[in-house]
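What follows is one structure encoded as structure tokens, with my remarks underneath.
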Amino acid sequence: MNNSFPRLIDGMCATLRSEVLSRLDDEFARGQVFGVINLLNTLKVRADWSSGFLVAQIAAQRQALDGVRKLLADTSTIGTPALPDAPIPEAPSIDQLMARRDEGNRALVGLQEWLDGAGRSVPDELRRAVEALLRRAMRAEVDIELKYSPRPLFAEMSSGREA
Amino acid sequence: MNAPIGDEAMLAARIAGYLAQQVGHPVTVGAVRRFPVGFSWLTFAVPVTGLEGDRVTRELILRLGPDYGLFAPYSAQPQVLAMRSLEGTAVPLPRAYWSSDDPSVLGAPFLFCEKVSGEAVVPWVSANEPGLDEGYRKALGAQFIDALAALHCVPWVERPIAAMANGITVDNAAQRNVALWQRLIERWAMRSYPLAEWGIRWLKSNPPRAPRVAIVHGDYRTGNFLEEGGRITAILDWELVHLGDPHEDLGWASLPMYMGGSKLISRLAEPEWFYARYAEKTGFEVSMASVRYYQVFSLLKLAATHMAAARCFEEGRFNDMRMPAMGSQIATCLRQMDKLIEAS
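Protein chains in written order, with our numbering: chain H, 833 to 995; chain Y, 651 to 994.
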């Protein structure tokens, strides 16, 4: 999911009001919709994304970044980019985890840009080793993202019918 | 900020005023009806009486590009240039009428076009949905391929769309396209996507030479044509049209997202038949290496589109629930893109 939790809640409430309530005549059904809106508003102030997938993504990044740091430290390659290595705080908030995940991703992008720029003269073997580490982390991130994503309901959203 | 589009009644009044100016006499606009389809431009049916000074009611299609839309800010120009360039060709499409990018007229850039009869075949179906009837899908499939081949054979240099050329050649077509979508990703992405960067690097490092520069639809697939009685009546949704390598449309049409759970390109054609018939109709050989390149490109482009959807929703421009749903599919597109790169 790539949208923020509060915004999703606000969007769901707005859609229920403007697109569902406005087309519902049945009083009981309308009451139920307001019930759902009520609960969504509660979730907005009490809930947030779970941390499991973020922790897993950050772990995959750190493994790659630590490996790259070691590879580049073992060589005399100059101009290597600085890589994040600050420890994750104890009992981190979701916002903190997201910030770390995004920082790690910026580092992975930065390393690719470095390989194409200042790191162009890196020996082929070292380049392949760095790229292999990057690729493993990038794939891990999307695999984790997919593992924590339900089946999309595009057929149902297009037709308005249960599949 | 543009003047708001307003509700359908307000829109009808503005349309009546605008059309009266265009045709030089008053017209009557009936109830404007919005179609629920599409993720980007808004589409309305507009019944108009008196366009030719008579009492006949004709239904026009109005396309509006709102400033809260997926790919905003919009211009009607590419669509208009393409549709005017394709008049009289073997590509079935609606006729374009009046258009303007001035938001003060109707609240957003717009174009009026002909209403063509027919229904769209839906690309997104559930796993339980049976495939299309064999005879029906083969007939549609042949027309789908033939229309695409006809598009790519249009001598565009002599047509209005040549205004979009900007120095494109068979040697720079791929790089220019990748550069465009790289800029769009920079504009839309709300965070870094390392795998998207990986894809961009691969595409920049492996650009094919185009067999020709052609008019490229940019979103050619099931869902973007109308059919009636087994006949394709119109190819729709020209908002991503541009000049480029025709293999791009082949790559896009063959994405797994449009197969509806089958092994058929756009739910219509076996791949071998699709490429063979296309090659026969265009007279040039299909490069499967280029098709694979443009499948990688198309998956990156689709991921970028989903980034735009996520941003559009996050910024509060749009409450359509399909937007965050599209945003949740960025990883799917990038993973498939990565698998194709790995296999290349």
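For every residue, glycine included, the Cβ atom is placed at its ideal position computed from N, Cα and C.
Predicted, not measured: the structure shown is a model, and the values here were computed from it.
Please classify residue i: does DSSP put it in a helix, a strand, or coil?
i                   : result
Leu-1069 of chain Y : In the structure as shown, chain Y starts at 651 and stops at 994, and residue 1069 of chain Y therefore has no counterpart that could be examined.
Cys-763 of chain Y  : strand
Tyr-843 of chain Y  : coil
Glu-851 of chain H  : helix
Trp-774 of chain Y  : coil
Met-651 of chain Y  : Residue placement at Met-651 of chain Y cannot be trusted, given a pLDDT of 47 that sits under 50; what the coordinates show is reported in the next sentence. Residue state, collapsed to three classes: coil.
Glu-965 of chain Y  : coil
Ala-884 of chain Y  : strand
Ile-850 of chain Y  : helix
Arg-959 of chain H  : helix
Glu-935 of chain H  : helix
Ala-681 of chain Y  : coil
Ala-969 of chain H  : helix
Phe-689 of chain Y  : coil
Val-936 of chain Y  : coil
Val-954 of chain H  : coil
Val-820 of chain Y  : coil
Ala-695 of chain Y  : strand
Glu-769 of chain Y  : strand
Let's see if you can read the secondary structure: which residues bound the beta strand (DSSP E) around residue i?
i                  : result
Leu-701 of chain Y : Run containing Leu-701 of chain Y: none; DSSP gives neither H nor E here.
Val-866 of chain Y : 864-866
Ile-711 of chain Y : 707-714
Taking 8 angstroms as the threshold (C-beta atoms), are residue j and residue i in contact?
i                  : j                  : result
Pro-759 of chain Y : Tyr-724 of chain Y : yes
Val-696 of chain Y : Glu-709 of chain Y : yes
Leu-952 of chain Y : Met-907 of chain Y : yes
Val-687 of chain Y : Ala-987 of chain H : no
His-675 of chain Y : Gly-703 of chain Y : yes
Val-640 of chain Y : His-892 of chain Y : Because chain Y is modelled from 651 through 994, residue 640 of chain Y falls outside the range shown and cannot be assessed.
Gly-843 of chain H : Phe-963 of chain Y : yes
Gly-977 of chain Y : Asn-835 of chain H : yes
Leu-840 of chain H : Val-865 of chain H : no
Ile-882 of chain Y : Ala-797 of chain Y : yes
Gly-880 of chain Y : Leu-950 of chain Y : no
Leu-943 of chain H : Ile-890 of chain H : no
Phe-794 of chain Y : Ala-919 of chain Y : yes
Leu-872 of chain H : Cys-845 of chain H : yes
Arg-917 of chain Y : Arg-787 of chain Y : yes
Tyr-870 of chain Y : Asp-895 of chain Y : no
Asp-752 of chain Y : Ala-726 of chain Y : no
Glu-599 of chain Y : Gly-768 of chain Y : With chain Y running from 651 to 994 in the structure shown, residue 599 of chain Y is simply not present.
Pro-629 of chain Y : Glu-889 of chain Y : Residue numbering for chain Y in the displayed model covers 651 to 994; residue 629 of chain Y lies beyond these limits and cannot be assessed.
Nearest by alpha-carbon distance to residue i: which of the options is it?
i                  : options                                       : result
Gly-886 of chain Y : Y:Ala-666, Y:Ala-659, Y:Pro-676 and Y:Leu-712 : Residue identity differs from the one stated: residue 886 of chain Y is Leu in this sequence, not Gly. For the residues Y:Ala-666, Y:Ala-659, Y:Pro-676 and Y:Leu-712, the minimum Cα distance to Leu-886 of chain Y belongs to Y:Leu-712.
Leu-701 of chain Y : Y:Leu-692, Y:Leu-669, Y:Tyr-908 and Y:Cys-983 : Y:Leu-669
Ile-665 of chain Y : Y:Ile-991, Y:Pro-654 and Y:Val-682            : Y:Val-682
Arg-602 of chain Y : Y:Leu-714, Y:Ala-958 and Y:Ile-655            : Residue 602 of chain Y falls outside the range modelled here, since chain Y spans only 651 to 994, and no answer is possible.
Gly-901 of chain Y : Y:Arg-961, Y:Ala-813 and Y:Phe-947            : Y:Phe-947
Pro-654 of chain Y : Y:Tyr-718, Y:Thr-693 and Y:Gly-703            : Y:Tyr-718
Ala-884 of chain Y : Y:Ser-754, Y:Gly-667 and Y:Arg-745            : Y:Arg-745
Glu-847 of chain Y : H:Pro-982, H:Glu-945, H:Lys-979 and H:Tyr-980 : H:Glu-945
Leu-801 of chain Y : Y:Val-679, Y:His-897 and Y:Gln-672            : Y:His-897
Ala-879 of chain H : H:Leu-856, H:Val-954 and H:Asp-927            : H:Asp-927
Met-971 of chain Y : H:Pro-919, H:Thr-912 and H:Pro-984            : H:Pro-984
Glu-658 of chain Y : Y:Thr-693, Y:Pro-921 and Y:Val-677            : Y:Thr-693
Asn-874 of chain Y : Y:Asn-816, Y:Val-766, Y:Glu-784 and Y:Lys-931 : Y:Val-766
Leu-853 of chain Y : Y:Ser-904, Y:Asp-988, Y:Arg-684 and Y:Trp-888 : Y:Asp-988
Along the chain, where does the alpha helix (DSSP H) containing residue i start, and where does it finish?
i                  : result
Ala-990 of chain H : Here residue 990 of chain H is Ser; the residue named in the question, Ala, does not match the sequence. Where Ser-990 of chain H is concerned, the enclosing alpha helix (DSSP H) stretches over 986-991.
Trp-748 of chain Y : Per DSSP, Trp-748 of chain Y belongs to no alpha helix (DSSP H); it is in the beta strand (DSSP E), 746-750.
Ala-926 of chain Y : 921-932
Leu-871 of chain H : 859-878
Phe-794 of chain Y : 784-802
Leu-743 of chain Y : Unbroken run through Leu-743 of chain Y: none, as it is neither H nor E.
Phe-875 of chain Y : First-last for Phe-875 of chain Y: 875-878, but that is the beta strand (DSSP E), not the alpha helix (DSSP H).
Tyr-668 of chain Y : 658-673
Gly-911 of chain Y : No alpha helix (DSSP H) contains Gly-911 of chain Y, which DSSP labels as neither H nor E.
Glu-779 of chain Y : First-last for Glu-779 of chain Y: undefined, no H or E at that position.
Asp-988 of chain Y : 980-993
Phe-885 of chain H : 884-905
Ala-726 of chain Y : That residue, Ala-726 of chain Y, is in no alpha helix (DSSP H); it is neither H nor E in DSSP.
If I'm right that residue i touches residue j with Cβ under 8 angstroms, what's the distance once you round it to whole angstroms?
i                   : j                  : result
Val-784 of chain H  : Ala-981 of chain Y : The displayed coordinates of chain H run from 833 to 995. Any statement about residue 784 of chain H would go beyond what the structure contains.
Ala-860 of chain Y  : Ala-823 of chain Y : 4 angstroms
Val-1003 of chain Y : Thr-872 of chain Y : The structure shown does not extend to residue 1003 of chain Y, since chain Y is modelled only from 651 through 994, so no value can be given for it.
Phe-689 of chain Y  : Leu-720 of chain Y : 6 angstroms
Gln-825 of chain Y  : Pro-858 of chain Y : With a Cβ gap of about 10 angstroms, Gln-825 of chain Y and Pro-858 of chain Y do not count as contacting.
His-956 of chain Y  : Gln-986 of chain Y : With 8 angstroms as the limit, His-956 of chain Y and Gln-986 of chain Y do not qualify as a contact, their Cβ atoms being about 12 angstroms apart.
Leu-940 of chain H  : Arg-959 of chain H : So it is not a contact: roughly 15 angstroms between Cβ atoms.
Met-989 of chain H  : Pro-844 of chain Y : Actually they are not in contact, since the Cβ atoms of Met-989 of chain H and Pro-844 of chain Y sit about 29 angstroms apart, beyond 8 angstroms.
Should residue i be listed as close to the ligand ATP, given that the test is whether its C-beta is under 7 angstroms from any heavy atom?
i                  : result
Tyr-944 of chain Y : For the ligand ATP, the structure offers nothing, since it holds no ligand at all.
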